[in-house]
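For reference, the structure is listed below as structure tokens.
Numbering (the working numbering), first residue to last: 121 to 344.
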């Protein structure tokens, strides 16, 4: 009898040891409508404030936000208008590739960022920022804002949908396509901003993507 109890205890201990299979994660809990609304409002505010800091520093970044910033330095139009216009083609791709739910949320997020981007200059006025601070803080806020939007099935449009499409149609690696497009935007800014600001912008773009890469991994976040 003692031997049997000892064996049973050993078996129980073994099951709890390092070789035991990990418990299955709980089912994903869907966000409520209120959580989605507050999440999208928070994400768009953070992203728009980050873009305002970047524009105040005369910097650029990757994605359609960087393209809109670059165009805003040479076109007599508000940044919000340019940002909305640049994202229109990608909104169509979002409907095609990601469905109406994602596309509509993305459309709302783009509209909110466009409006908020016009409100920040009114609230803060003209800012005289240290370039390094403006670029790093701007990309940090934009990255956190994008991360929040991703968690609520939304985005700010961008090249990632086009990159996925080119991967499907031509076999090009989506990650490489995205990287080439981002680098092309930053390098193109040499025609309008100083080489030092281009270098700072490149560092800032890496920071933004690092925030997303470290915090937005499959299976890490179960909310939907």
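We put the CB at the ideal spot given by N, CA and C, even for glycine.
On a predicted model such as this, the values are computed, not experimentally measured, just so you know.
About 6 Å separates the beta carbons of residue 229 and residue 276, which is inside the 8 Å limit, making them a contact pair. In the three-state DSSP reduction, residue 155 falls in the helix class (H, G or I). In terms of Cβ geometry, residue 252 and residue 320 form a close pair [threshold 9 Å]. The residue among 179, 187 and 325 with its C-alpha nearest the C-alpha of residue 260 is 325.
Between the region 171–183 and the region 232–248, the count of Cβ pairs shorter than 8 Å is three or higher; the stretches touch.
Around residue 328, the same chain offers 181, 182, 259, 260, 262, 263 and 266 as residues with beta carbons nearer than 8 Å, after the five sequence neighbours per side are excluded. Taking a contact as a CB-CB distance under 8 Å, the pair residue 313 and residue 155 does not count as one, their CB atoms being some 39 Å apart. For residue 219, the secondary structure class from DSSP, reduced to helix, strand or coil, is coil. The DSSP-derived three-state label of residue 292 is coil. Between the alpha carbons of residue 206 and residue 187 lies a gap of roughly 8 Å. Distance from the CA of residue 167 to the CA of residue 330, rounded to the nearest whole angstrom, comes to 15 Å. The closest CA to that of residue 164, considering only 201, 292 and 270, is found on 270. Restricting attention to 305, 257 and 272, the CA atom closest to the CA of residue 150 is found in 272. For residue 315, the enclosing alpha helix (DSSP H) stretches over residues 315–335. Around the beta-carbon of residue 310, fewer than 16 other beta-carbon atoms lie within 10 Å, marking it exposed.
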